[in-house]
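Presented below is the structure to which this report refers.
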Amino acid sequence: MLNRVLNWFDSRVPVSEVKAYFLKKEVPVHRHSLWYYFGGLTLTFFAVQVVTGILLTFYYKPTPEGAHESILTITNEVPFGWLIRSVHGWSANLMIASMFVHMFSVFLMKAYRKPRELLWITGVLLLFLVLGFGFTGYLLPWDTMAYFATLIGTEVPATLPVIGDWGVNLLKGGEEVGGETLTRMFSLHVVILPMLTLAVVTLHLLLNQVYGPSVPIGTQPSRPPIRFFPNFLLRDIISWMIGLAVLLSLATLYPSELGEKADPLASAPFGIKPEWYFLPLYQSLKIVPSTVFTLSGELFVNLLVMVGSAFWVMIPFIDRQAARGEKSLPFTILGTCLILYLLTTIALAYATT
Amino acid sequence: MQRLSVFRIFGRIGFVTALLTLQLSAVGAHVDSTSDSTASRRDSVHVLPEVHRVKIPPESERLVVLGTGLAIIAGFIVLLTLKKREADRTAEKN
Numbered sequence: 012m013l014n015r016v017l018n019w020f021d022s023r024v025p026v027s028e029v030k031a032y033f034l035k036k037e038v039p040v041h042r043h044s045l046w047y048y049f050g051g052l053t054l055t056f057f058a059v060q061v062v063t064g065i066l067l068t069f070y071y072k073p074t075p076e077g078a079h080e081s082i083l084t085i086t087n088e089v090p091f092g093w094l095i096r097s098v099h100g101w102s103a104n105l106m107i108a109s110m111f112v113h114m115f116s117v118f119l120m121k122a123y124r125k126p127r128e129l130l131w132i133t134g135v136l137l138l139f140l141v142l143g144f145g146f147t148g149y150l151l152p153w154d155t156m157a158y159f160a161t162l163i164g165t166e167v168p169a170t171l172p173v174i175g176d177w178g179v180n181l182l183k184g185g186e187e188v189g190g191e192t193l194t195r196m197f198s199l200h201v202v203i204l205p206m207l208t209l210a211v212v213t214l215h216l217l218l219n220q221v222y223g224p225s226v227p228i229g230t231q232p233s234r235p236p237i238r239f240f241p242n243f244l245l246r247d248i249i250s251w252m253i254g255l256a257v258l259l260s261l262a263t264l265y266p267s268e269l270g271e272k273a274d275p276l277a278s279a280p281f282g283i284k285p286e287w288y289f290l291p292l293y294q295s296l297k298i299v300p301s302t303v304f305t306l307s308g309e310l311f312v313n314l315l316v317m318v319g320s321a322f323w324v325m326i327p328f329i330d331r332q333a334a335r336g337e338k339s340l341p342f343t344i345l346g347t348c349l350i351l352y353l354l355t356t357i358a359l360a361y362a363t364t
Numbered sequence: 003m004q005r006l007s008v009f010r011i012f013g014r015i016g017f018v019t020a021l022l023t024l025q026l027s028a029v030g031a032h033v034d035s036t037s038d039s040t041a042s043r044r045d046s047v048h049v050l051p052e053v054h055r056v057k058i059p060p061e062s063e064r065l066v067v068l069g070t071g072l073a074i075i076a077g078f079i080v081l082l083t084l085k086k087r088e089a090d091r092t093a094e095k096n
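Chains as they are written, first to last, in this note's numbering: chain E, 12 to 364; chain L, 3 to 96.
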């Protein structure tokens, strides 16, 4: 019976060809092979996000009156609601952390070089989308910290010329952070960003299947390549299991909390900080002087982030040495400096109030 | 080498899970009795700052959830490791 169903599909969809491809596909083995697992790990956390996110939307009410209460209901009344919410929150953090590790490992191994330019570009786009998830999801519990952090966060683009005010209005849906902002953040978080992410993830995975894993320049394989199916896939799934164990441990030992319901008329609490992945931007805004080259400090940082992001996307076309298969030390130094800068600013932001 | 039956492996996982759950329940109950200052709170939900009204289950319950989850994951890791070894041996022979 099963064979008949499979044959039916096979005559309509090229299942055999796909199967043959995976059975033939090989993964190189060398001293940097460990970094291959972080892409799959990121995808696993993303899958957890999708599942737990869908479960949360069954109970969440995206209105200023209902949002905080519905989070209380999820945490207090819904069976295992506290766990689902906690897993959703921790999984977001772990997904972004593993995504950063994946991105920097790809960068330092120069895996973006020809012919994998599109893999790099789609990967960086995914990072932006995931940061968008983090930003839009932060307001949804509608507690004091979320409210005032979003109030500050939505003002960040205001200094940009031409598009600044338009961008702020687009995010807020009005002059203040209120019901319209919550609706917009919710629709971005559960409809628009997931649709975009699904499209880009699909493209990223397809490209990954076409080009396969890249071997770093000058690295010699330590032994013959292994087959993707089943040898690499089984190793990959073991790494997912380890990731899930870490996630479950964090979610149960440090469950998500909830602050007081947001009161737009109250004064902002002391020590508002964004999530850790926005701390480099937050800390940069703090350390840059109020005026730089006749530009305001905020505008300078915003422009720097925009130009830096465009540069980061275009890296495969800028690093010509890597494209020729030669080692490119300046880009290795650049990547290392960037990692150090991100870690230092995060540590500084936590150390200072 | 005799192939390990999947049912046998899952049976072992189930047994370990049950043992671990019992063990963690005992540990959790001990943690609760020592960490809470009042006996009345021992079996009630743990209330984080009163004003937020967020009721997180007590540590004992969370430890049981964690223990059960970790036991299942550990079982899968054992199963996958055995499968991986088998697949590697097959690949070496070929």
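Positions of the beta carbon are idealized from the N, C-alpha and C atoms, including for glycine.
{"Check": "Which of helix, strand or coil DSSP assigns to P152(E)", "Outcome": "coil"}
{"Check": "Bounding residues of the alpha helix (DSSP H) (the contiguous stretch that carries P341(E))", "Outcome": "340–362"}
{"Check": "Residues, ordered as in the chain, of the segment 46–58 of chain E that lie near chain L by beta-carbon distance below 7 Å", "Outcome": "none"}
{"Check": "Range of the contiguous beta strand (DSSP E) that encloses V40(E)", "Outcome": "37–40"}
{"Check": "Within-8 Å CB hit, G71(L) to chain E", "Outcome": "yes"}
{"Check": "Cβ-based burial, E88(E) [other Cβ within 10 Å; buried from 16]", "Outcome": "exposed"}
{"Check": "Span separating the alpha-carbon of M199(E) from that of T147(E)", "Outcome": "The amino acid at residue 199(E) is misidentified as Met; the sequence shows Leu. Cα-Cα distance, rounded: 7 Å."}
{"Check": "Local Cβ density within 10 Å of D45(L), reported as buried at 16 or more and exposed below that", "Outcome": "Residue placement at D45(L) is flagged as unreliable, the pLDDT there being 44, under the threshold of 50; the coordinate-derived value follows with that caveat. By the neighbour-count rule (16 or more Cβ atoms within 10 Å), D45(L) is not buried but exposed."}
{"Check": "Delimiting residues of the alpha helix (DSSP H) encompassing R55(L)", "Outcome": "No alpha helix (DSSP H) holds R55(L); DSSP gives it neither H nor E."}
{"Check": "Three CB pairs or more closer than 8 Å across the segment 230–244 of chain E and the segment 172–179 of chain E", "Outcome": "no"}
{"Check": "Beta-carbon neighbours of P59(L), restricted to chain E and to distances below 7 Å", "Outcome": "W93"}
{"Check": "Simplified DSSP assignment, three categories, for S46(L)", "Outcome": "Note that S46(L) scores 47 on pLDDT, short of 50, meaning its location in the model is unreliable; the coordinates nonetheless yield the value given after this. In this structure, S46(L) counts as coil in the three-state DSSP scheme."}
{"Check": "Integer Cβ distance of I107(E) from P152(E), believed to fall under 8 Å", "Outcome": "Their Cβ separation, rounded to whole angstroms, is 18 Å, which puts I107(E) and P152(E) out of contact at 8 Å."}
{"Check": "Beta-carbon proximity list for G185(E), same chain, < 6 Å, skipping 5 on both sides", "Outcome": "E191"}
{"Check": "Three or more C-beta pairs below 8 Å linking the segment 348–363 of chain E and the segment 156–169 of chain E", "Outcome": "no"}
{"Check": "Inter-stretch contact (C-beta, 8 Å, three-pair minimum) for the segment 62–79 of chain L and the segment 255–272 of chain E", "Outcome": "yes"}
{"Check": "Straight-line gap, G16(L) to T70(L) (C-alpha atoms, nearest Å)", "Outcome": "10 Å"}
{"Check": "Chain-ordered neighbours of A260(E) on chain L, where CB pairs are closer than 9 Å", "Outcome": "Position check: residue 260(E) holds Ser in this sequence, whereas Ala was assumed. Under the 9 Å cutoff, chain L gives L68, G71, L72."}
{"Check": "Closest by C-alpha distance to M206(E), when choosing among S260(E), G164(E), L261(E), F144(E)", "Outcome": "F144(E)"}
{"Check": "Simplified DSSP state of S233(E), which is helix, strand or coil", "Outcome": "coil"}
{"Check": "Beta-carbon gap between L137(E) and V221(E) smaller than 8 Å", "Outcome": "no"}
{"Check": "E5(E) versus D154(E): straight-line alpha-carbon distance, rounded", "Outcome": "Residue 5(E) cannot be examined here, being either before or after the span of chain E that is shown, 12 to 364."}
{"Check": "Simplified DSSP state of K272(E), which is helix, strand or coil", "Outcome": "strand"}
{"Check": "CA-to-CA distance, V318(E) to E309(E), given in whole angstroms", "Outcome": "14 Å"}
{"Check": "Same chain, Cβ closer than 7 Å to L50(L), five either side skipped, listed in chain order", "Outcome": "Unreliable placement is indicated for L50(L), whose pLDDT of 49 sits below 50; the coordinate value is still reported in the next sentence. Within the same chain, L50(L) has close Cβ partners V56, I58."}
{"Check": "Selection of the segment 228–246 of chain E by Cβ proximity to chain L, strictly under 8 Å", "Outcome": "I237, R238, P241, N242, L245, R246"}
{"Check": "Which listed residue (Y70(E), A333(E), T74(E), I95(E)) has its alpha carbon closest to that of T84(E)", "Outcome": "Y70(E)"}
{"Check": "Contacts around V98(E), its chain only, beta-carbon distance under 8 Å, and the 5 residues preceding and following it disregarded", "Outcome": "V59, T63, L258, L259, A262"}
{"Check": "Backbone secondary structure at L54(E) - three-state DSSP", "Outcome": "helix"}
{"Check": "Buried versus exposed call for I344(E) [16 or more other C-beta atoms within 10 Å across all chains shown]", "Outcome": "exposed"}
{"Check": "Runs of alpha helix (DSSP H) lying entirely within the segment 74–99 of chain E, each at least 4 residues, in chain order", "Outcome": "78–87"}
{"Check": "Whole-number beta carbon distance between V135(E) and V324(E), since they are thought to touch under 8 Å", "Outcome": "5 Å"}
{"Check": "Exposure label - G282(E); buried when at least 16 CB within 10 Å", "Outcome": "exposed"}
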